[in-house]
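If you want my numbering, it's the position in the sequence shown, counting the first as 1, plus 414. C-beta: ideal position from N, C-alpha, C; glycine also. Reviewing the structure listed below.
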Amino acid sequence: MLPEALIVVLGVVLIVEGMPWFLSPRGTKRMLSELSQLNDNALRVVGLVFMLAGLLLVYFVKG
Numbered sequence: 415m416l417p418e419a420l421i422v423v424l425g426v427v428l429i430v431e432g433m434p435w436f437l438s439p440r441g442t443k444r445m446l447s448e449l450s451q452l453n454d455n456a457l458r459v460v461g462l463v464f465m466l467a468g469l470l471l472v473y474f475v476k477g
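Next up, the structure:
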């Protein structure tokens with residue numbers, strides 16, 4: 415069960431990560447250009463916020 419669930423999760427992550435590139439490649443490139451201008455600490459904070467949001471989502475769904 416666990417390997418199958420991990421493969422499903424990986425598939426969903428790939429779908430979500432690929433959507434911006436498919437739906438708006440120009441906008442995605444522009445966003446990446448703007449992100450490259452941020453300092454490392456700001457990017458770390460953004461990454462931390464996303465990780466915590468994901469952790470909370472999993473916690474509330476799986477209880």
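Have a look at residue i and residue j and give me their C-alpha separation to the nearest angstrom.
i, j, result
"L410", "V463", "As displayed, the chain neither begins before 415 nor continues past 477, which places residue 410 out of reach and without an answer."
"M445", "L416", "35 Å"
"L420", "M433", "20 Å"
"K443", "E431", "14 Å"
"G477", "G425", "23 Å"
"L469", "V475", "10 Å"
"R440", "L449", "14 Å"
Using a Cβ-Cβ cut-off of 8 Å, state whether residue i counts as contacting chain B.
i, result
"V463", "The question asks about chain B, but that chain is absent: this structure has only one protein chain."
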